């Protein structure tokens, strides 16, 4: 993965964002091994959906979440891609045993 530290991507309020093969880190934010694991989980999700599929599904899940919850944060946190990444981010060995399309399954 290629790490890019900048002030534009991700949006204010977020620490990091992955768009394969890049991990964009907000300048001035502390970026830990757990944060890196979270972003690498997203990279795996993007690879298995050939990036474009991931971007389309992520946006659809987010829009449906906005309609359902009427909350930006709840729509973000209930996105299946984020659910998997947050659930497993502390398991630094997770990517060694992660099953394909794990975001589809209950963690």
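In the working numbering, the protein residues as written are 381 to 487.
Note that CB positions come from ideal geometry on N, CA and C, so glycine has one too.
Note that this is a predicted model, so its numbers are computed, not measured.
| message | What residue range does the beta strand (DSSP E) around residue 396 cover? | response | 396-399
| Excluding five sequence neighbours on each side, which residues of the same chain lie with their C-beta closer than 8 Å to the C-beta of residue 438? | 459 and 461
| request: Measure the CB-CB distance between residue 395 and residue 409 and report whether it falls below 7 Å. | output: yes
| query | Can you give the Cα-Cα distance for residue 467 and residue 442, rounded to whole angstroms? | reply | Rounded to the nearest angstrom, the gap between the Cα atoms of residue 467 and residue 442 is 18 Å.
| query | Hey, how far is the Cα of residue 422 from the Cα of residue 444? | reply | 20 Å
| request: My understanding is that residue 398 touches residue 419, with C-beta atoms under 8 Å, so please give their C-beta distance in whole angstroms. | output: 5 Å
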